[in-house]
Each structure stands twice: as C-alpha cells, then as structure tokens.
Amino acid sequence: SPTVVLAGSSAEYGPGKGSLLKESDELQPASPYGYSKVAAEQLGWLYWRTQGLRVLCVRPFAVIGVRKVSDACSDLARGIVAVERGASRILAVGNLGAVRDFVDVGDAVRALALVAEKGDAGEAYNICSGTGHAIHEVLDRLRAQALVEIPVEQDPERLRPSDDPVLVGDNSKLRALGWRSTISLDQSLAEIITHWRAGADR
Numbered sequence: 001s002p003t004v005v006l007a008g009s010s011a012e013y014g015p016g017k018g019s020l021l022k023e024s025d026e027l028q029p030a031s032p033y034g035y036s037k038v039a040a041e042q043l044g045w046l047y048w049r050t051q052g053l054r055v056l057c058v059r060p061f062a063v064i065g066v067r068k069v070s071d072a073c074s075d076l077a078r079g080i081v082a083v084e085r086g087a088s089r090i091l092a093v094g095n096l097g098a099v100r101d102f103v104d105v106g107d108a109v110r111a112l113a114l115v116a117e118k119g120d121a122g123e124a125y126n127i128c129s130g131t132g133h134a135i136h137e138v139l140d141r142l143r144a145q146a147l148v149e150i151p152v153e154q155d156p157e158r159l160r161p162s163d164d165p166v167l168v169g170d171n172s173k174l175r176a177l178g179w180r181s182t183i184s185l186d187q188s189l190a191e192i193i194t195h196w197r198a199g200a201d202r
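In the numbering used here, the protein residues as written are 1 to 202.
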C-alpha cells in the first residue's frame with residue numbers, strides 16, 4: 001500500500017516551554033498556520049485508523065538552506081549582501097531574541113526519506129537538530145562573514161505578534177531510526193551567504 005508522509009510543522013506545538021518539544025507533547029498552536037497543520041495531521045490519522053493507510057507525520061523545525069527564501073537566515077544573508085554591494089545602508093531586522101532549532105535542508109531531506117522507509121505508521125517525527133540558537137546569534141555568525149561593517153537597525157514592521165519565543169525539538173525518535181545531523185549551522189550559513197553573493201536575486 002502507498003505511504004503518505006504529511007509535512008507538519010513545529011508551529012503545531014505553540015510556544016515552547018523552555019524544554020525540548022517531544023512528539024507526545026500537547027499540540028497548542030498559536031497561529032492560523034499552526035492550526036492548519038494540526039488539522040491536516042488529524043485528517044491523516046483518521047485515514048490511518050479507519051482505512052489502514054500508512055500515514056506518518058513529520059514536524060520540521062526551522063529548515064534552512066540554499067535557495068530558500070523568506071526565512072530568518074536567508075533574509076539576514078540577503079540583507080548583508082545588499083550592504084556589501086552598497087545597495088542598502090543598513091540591515092533592517094525583526095525579533096532577534098526568538099530561539100529556533102535550525103536544521104539544514106540536506107539533513108531534512110534525509111530525514112524525510114528515512115521516516116518514509118523505516119517510520120511507524122500513525123507516528124509523528126520531529127525533524128530538528130535538538131539545539132536552539134537565538135536569531136541574534138545567527139546574525140552575529142553572518143556578520144562575522146561579512147566583507148564590510150554591517151550597521152543593524154530594528155524595524156518594527158518586521159516584528160510579529162504571534163512569534164513563538166522558543167521552539168526547540170527533541171529528535172530522539174528520529175535518531176532511533178538511524179538519523180544524525182551532518183551539516184553544522186556554520187556550514188549552512190556559509191553556503192547561504194555565498195549563494196546570495198553569487199547573484200541569486202539578480
């Protein structure tokens with residue numbers, strides 16, 4: 001029978017409680033996006049229970065990588081490159097205090113394939129590194145790679161009222177299938193900023 005892997009999200013959990021979020025934790029989404037993912041997951045479980053369809057769910061945390069747009073890492077890298085080129089005077093930023101669990105897209109793709117092959121039907125699996133990093137730490141790491149000084153200013157319009165302060169996951173279930181993170185945050189950030197320097201937005 002076919003296998004269905006539903007792409008959920010860490011947003012299903014809602015605000016983190018200061019500890020690693022586990023798949024068994026209560027789902028308390030704090031955004032329409034998070035609610036939509038919970039609804040899709042519930043529908044998947046219904047087909048698993050009533051129709052015997054092999055349904056599994058993954059809950060990716062902050063997946064990052066080359067060619068992704070509109071996330072913190074790509075936005076910061078793109079903004080730094082704009083300052084390097086003289087196209088912008090400053091780097092406008094939003095909430096730098098949020099803590100996220102970043103996982104490279106290469107590691108995430110391997111996780112998806114592994115869950116589809118070895119995961120248990122009716123189960124959810126976090127796709128995450130298990131380590132949290134504040135956005136200001138990501139900014140510091142990217143600024144350290146910048147070719148010029150990068151002035152930073154906070155832009156109130158970039159602040160989101162429903163932004164969950166801390167989202168860090170427990171990846172024990174995924175690791176039990178044989179998965180390991182192989183791409184470091186520094187490697188991911190270096191590849192992302194190199195991508196934008198290569199003229200990706202031209």
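All C-beta atoms in this analysis are idealised placements derived from N, C-alpha and C, irrespective of residue type, glycine included.
- When LEU139, ALA82, ALA111 are compared, the shortest CA-CA separation from ALA198 is found for ALA82.
- Within 10 angstroms of the beta-carbon of GLY169 lie 16 or more other beta-carbons, which makes it buried.
- THR194 and TRP48 have their C-alpha atoms spaced approximately 43 Å apart.
- Counting every other CB atom within 10 Å of its CB across the protein chains shown gives GLU23 a total of 16 or more, marking it as buried.
- The straight-line gap separating the alpha-carbon atoms of ALA40 and TYR33 is approximately 11 Å.
- Within the model, the alpha-carbon separation for GLY97 versus SER9 is close to 21 Å.
- Secondary structure note for ASP104: its beta strand (DSSP E) is the uninterrupted segment 102-104.
- Take the alpha-carbon of SER184 and the one of LEU20: they are about 19 Å apart.
- Cβ contact annotation for VAL148 (same chain, cutoff 7 Å, sequence separation greater than five): VAL83, GLU84, in chain order.
- Excluding its 5 nearest sequence neighbours in each direction, GLY106 has C-beta neighbours in its own chain below 6 Å: ILE183, listed in chain order.
- The shortest CA-to-CA distance from VAL38 to any of VAL166, GLY94, ALA124, SER181 is the one to ALA124.
- When secondary structure is reduced to three states using DSSP, GLN145 falls in the coil class, being assigned neither helix nor strand.
- Looking at TYR35, SER181, ILE135, the one whose alpha-carbon comes closest to that of GLY94 is ILE135.
- Taking C-beta atoms as the reference points, ILE64 and SER188 count as a pair closer than 7 Å.
- Membership of VAL93 in the beta strand (DSSP E) is indicated by the continuous run 91-93.
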